[in-house]
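S.K.: Numbering of the sequence shown is given in the working numbering, commencing with residue 314 and proceeding in unit increments.
Ideal placement from N, C-alpha and C gives every residue a C-beta, glycine not left out.
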Amino acid sequence: MAAIRLGKNHLRWCDECNLPILENEKCPKCGNTTHEVEITPPGEVRPAFEHDIKMIRDLVDRQFGEGSGLELLPEGHVVLLNKAPSLDRMDEIIIDGRTIASIRYDLGKK
């Protein structure tokens with residue numbers, strides 16, 4: 314596993330606009346105060362693309378029942394993924410300014 318490099322967390326969130334904001338303590342759109350999103354270092358956050366969201370919804374549906382994935386990740390919301398340290402792929406799922414879950418590929422399971 315690679316070494317974790319700690320640094321400044323640049324991800325903030327405007328609850329009024331429900332948008333991710335980089336570094337600014339004030340939202341450039343509405344002027345409200347933003348809050349820091351708690352993420353696992355090193356903080357390699359990226360947008361979740363359509364195929365990422367579909368994969369996560371499918372996983373949640375298989376685990377918790379049909380429709381659960383859409384409840385967790387509703388249409389029209391900004392979803393981010395944060396790459397977290399693991400033996401293989403692991404991502405934290407961020408929506409509405411909160412880390413709500415993580416997905417991890419388990420090398421030992423097929």
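If you compare alpha carbons, which of 420, 321 and 416 is closest to residue 373?
M.R.: 416
S.K.: Return helix, strand or coil for residue 390, following the three-state DSSP convention.
M.R.: coil
S.K.: Would DSSP call residue 352 helix, strand or coil?
M.R.: coil
S.K.: Determine, using beta-carbon pairs with one atom in the stretch 346-355 and one in the stretch 375-392, whether at least three such pairs fall under 8 Å.
M.R.: Result no; under three Cβ-Cβ pairs closer than 8 Å.
S.K.: What separation, rounded to the nearest whole angstrom, lies between the Cα atoms of residue 324 and residue 331?
M.R.: 13 Å
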